[in-house]
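Trainee: In my numbering, the protein residues as written are 10 to 383. In this text, a Cβ means the ideal position worked out from N, Cα and C, and glycines have one as well. Mind looking over this structure? Questions follow.
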């Protein structure tokens with residue numbers, strides 16, 4: 010039975026044995042794709058919530074690391090050890106690594122951590138922000154990464170990614186969303202000071218990781234949701250004036266290292282995509298949310314595909330949780346052919362695969378041949 014003839018409903022782990030690894034090494038494949046070159050197959054990444062990883066592991070009888078290899082995933086993500094303080098407060102509230110006040114809520118498919126308060130709500134001036142007890146880069150210990158990378162290198166030559174964080178999102182999480190947006194107009198020194206300190210923290214964190222890994226990280230991921238399903242959360246002018254300069258400062262440090270920069274924003278970002286590429290200077294755009302307004306993959310590739318690469322695009326809102334395995338396979342083929350034409354694409358879900366997604370649909374996504382041509 011050929012790969013193309015394998016039923017998408019087949020769940021047996023043995024049916025993965027014929028899935029080719031390809032002629033190129035994983036890192037070579039991703040770097041070539043990001044240089045807009047054709048590769049032996051479209052490279053892939055896998056994001057999923059913890060409950061999905063547990064379900065896949067139970068079904069396949071494999072560890073997370075073994076699943077990634079079996080699914081022919083080219084990227085590997087590394088994380089330093091957090092050694093800083095975590096404060097447990099009354100009512101199930103936890104103050105996390107960045108000072109956010111969070112409480113975990115259960116739902117039918119697992120749990121989510123939501124904001125339970127805002128520790129900088131008292132701030133009325135930039136000095137109030139500077140005087141706050143800010144997290145330090147030393148709260149993250151990257152000494153584990155050299156051995157972890159050496160272990161990965163013994164298995165294969167993977168493309169290494171590091172999740173640094175979001176400037177706008179983590180900053181408003183300290184002040185409150187409505188307050189942050191109103192202060193951008195009425196008291197801009199407060200949100201500016203928060204984003205300044207958050208950027209300082211990220212730069213220090215990044216430099217420690219690069220030193221500990223001897224520059225082995227290939228790509229850094231930053232994330233800031235500046236859009237919702239129908240449009241932007243703030244005007245392009247406000248984004249340029251208040252948010253963009255902090256991203257540009259961080260981006261200069263990343264590119265000087267040098268590493269690739271993957272930027273994330275959910276939602277309808279088509280209208281600001283050109284600015285993200287030309288003014289912020291990103292290398293890769295994630296997650297390409299298909300259900301959001303204006304996010305037509307053909308138009309995105311035609312208008313911006315020569316200047317930026319893409320990561321994501323397989324719909325976690327409709328196709329993966331609600332479609333058939335064949336519908337998933339068809340979408341994977343379409344994304345690879347449209348976004349992957351001439352390189353410039355990493356196949357991945359359009360966010361973390363949620364626990365309402367059938368196991369057979371996840372397997373269908375990663376069993377489907379990843380050709381950038383019909």
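1. Do the CB positions of residue 302 and residue 284 come within less than 7 angstroms of each other?
2. Where does residue 206 fall in DSSP's three states?
3. Mind reading off the beta-carbon distance from residue 204 to residue 255? Whole number of angstroms is fine, and I expect it under 8 angstroms.
4. Going by the beta-carbon positions, is the gap between residue 337 and residue 374 smaller than 7 angstroms?
5. For residue 183, does the count of other Cβ atoms within 10 angstroms reach 16, so buried, or fall short, so exposed?
6. Does the beta-carbon of residue 340 have 16 or more other beta-carbons within 10 angstroms, so that it is buried, or is it exposed?
7. Helix, strand or coil: which one does DSSP assign to residue 150?
8. Extract the residue ranges of the beta strand (DSSP E) inside the segment 55-80, only unbroken runs of 3 or more that lie entirely within it.
9. Return the chain-ordered list of same chain residues with a C-beta closer than 7 angstroms to the C-beta of residue 1, the five sequence neighbours on each side being excluded.
10. What's the call for residue 298, buried or exposed, on a 16-neighbour Cβ count within 10 Å?
11. Which full runs of the alpha helix (DSSP H) of 4+ residues lie inside the segment 268-352, going along the chain?
12. Can the beta-carbon of residue 167 be found closer than 7 angstroms to that of residue 258?
13. Hey, is the segment 313-333 in contact with the segment 346-360, meaning 3+ C-beta pairs nearer than 8 angstroms?
14. Could you name the residues of the same chain whose beta carbon sits closer than 7 angstroms to that of residue 13, not counting the 5 residues immediately before and after it, in chain order?
15. Given a cut-off of 7 angstroms, decide if residue 45 and residue 352 are closer than it, judged by their beta-carbon atoms.
16. From residue 126 to residue 50, what distance separates their C-alpha atoms?
17. Please report the residue range of the beta strand (DSSP E) in which residue 125 lies.
18. For residue 88, does the three-state DSSP call read helix, strand or coil?
19. In three-state terms, what does DSSP make of residue 248?
20. I want to know whether the segment 193-202 touches the segment 238-255 - three or more CB-CB distances under 8 angstroms.
21. If you follow the alpha helix (DSSP H) that residue 374 is in, where does it begin and where does it stop?
22. By a C-beta neighbour count over all protein chains shown, 10 Å radius and 16 as the cutoff for buried, is residue 155 buried or exposed?
23. Determine the DSSP secondary structure at residue 212, reduced to helix, strand or coil.
24. Sorted by chain position, which residues of the same chain lie with C-beta nearer than 6 angstroms to residue 290's C-beta, five sequence neighbours on each side aside?
25. CB-CB under 7 angstroms to residue 34, same chain, minus the five flanking residues each way: which ones, in chain order?
26. Could you say if the segment 364-373 and the segment 94-112 meet the contact criterion of at least three C-beta pairs nearer than 8 angstroms?
27. Would you call the CB atoms of residue 221 and residue 151 closer than 7 angstroms?
Mentor: Here's the rundown:
1. Here residue 302 refers to the residue found at position 293 of the chain shown. Here residue 284 refers to the residue found at position 275 of the chain shown. Against a cut-off of 7 angstroms, the Cβ pair of residue 284 and residue 302 comes out as no contact.
2. Position 197 of the chain shown, counting from 1, holds the residue named residue 206. Helix.
3. In the chain shown, the residue the question calls residue 204 occupies position 195. In the chain shown, the residue the question calls residue 255 occupies position 246. The Cβ separation is near 4 angstroms, so the contact holds.
4. Within the chain shown, numbered from 1, the residue matching residue 337 stands at position 328. Within the chain shown, numbered from 1, the residue matching residue 374 stands at position 365. In this structure, residue 374 lies closer than 7 angstroms to residue 337 by Cβ.
5. Here residue 183 corresponds to residue number 174 of the chain shown, with the count starting at 1. Buried, by the Cβ-count rule.
6. Taking the chain shown and counting its residues from 1, the one referred to as residue 340 is at position 331. Label assigned to residue 340: buried.
7. Within the chain shown, the letter at position 141 stands for residue 150. DSSP places residue 150 in strand when its eight states are reduced to three.
8. none
9. With the chain running from 10 to 383 in the structure shown, residue 1 is simply not present.
10. Position 289 of the chain shown holds residue 298. The residue is buried, with at least 16 neighbouring Cβ atoms inside 10 Å.
11. 306-313, 328-331 and 334-348
12. Position 158 of the chain shown, counted from the first residue, corresponds to residue 167. Position 249 of the chain shown, counted from the first residue, corresponds to residue 258. The answer is no: Cβ separation not under 7 angstroms.
13. yes
14. The residue labelled residue 13 in the question sits at position 4 within the chain shown. Note that residue 13 has pLDDT 42, beneath the 50 cutoff, so the model's placement of it is unreliable and the number below is only indicative. 378, listed in sequence order.
15. Here residue 352 refers to the residue found at position 343 of the chain shown. Here residue 45 refers to the residue found at position 36 of the chain shown. Yes, they are a contact pair.
16. In the chain shown, counting from the first residue as 1, residue 126 sits at position 117. In the chain shown, counting from the first residue as 1, residue 50 sits at position 41. The straight-line gap from Cα to Cα measures roughly 46 angstroms.
17. By 1-based counting over the chain shown, the position of residue 125 is 116. Element bounds for residue 125: 119-126.
18. If you number the chain shown from 1, residue 88 lands on position 79. Note: residue 88 maps to coil in three-state DSSP.
19. Along the chain shown, read from residue 1 onward, the residue named residue 248 stands at position 239. Helix.
20. yes
21. As a position in the chain shown, residue 374 is number 365, starting the count at 1. Per DSSP, residue 374 belongs to the alpha helix (DSSP H) from 368-376.
22. As a position in the chain shown, residue 155 is number 146, starting the count at 1. Looking at its Cβ environment, which holds fewer than 16 other Cβ atoms inside 10 Å, residue 155 is exposed.
23. Within the chain shown, residue 212 is the residue found at index 203, counting from 1. Of the three classes helix, strand and coil, the one that applies to residue 212 here is helix, per DSSP.
24. Within the chain shown, numbered from 1, the residue matching residue 290 stands at position 281. Excluding residues within five positions, the ones whose Cβ falls inside 6 angstroms are 260.
25. Residue numbering aside, residue 34 sits at position 25 when the chain shown is read from its first letter. The answer, listed in chain order, is 165 and 166.
26. no
27. Within the chain shown, the letter at position 212 stands for residue 221. Within the chain shown, the letter at position 142 stands for residue 151. Yes, Cβ-Cβ distance for residue 221 and residue 151 is below 7 angstroms.
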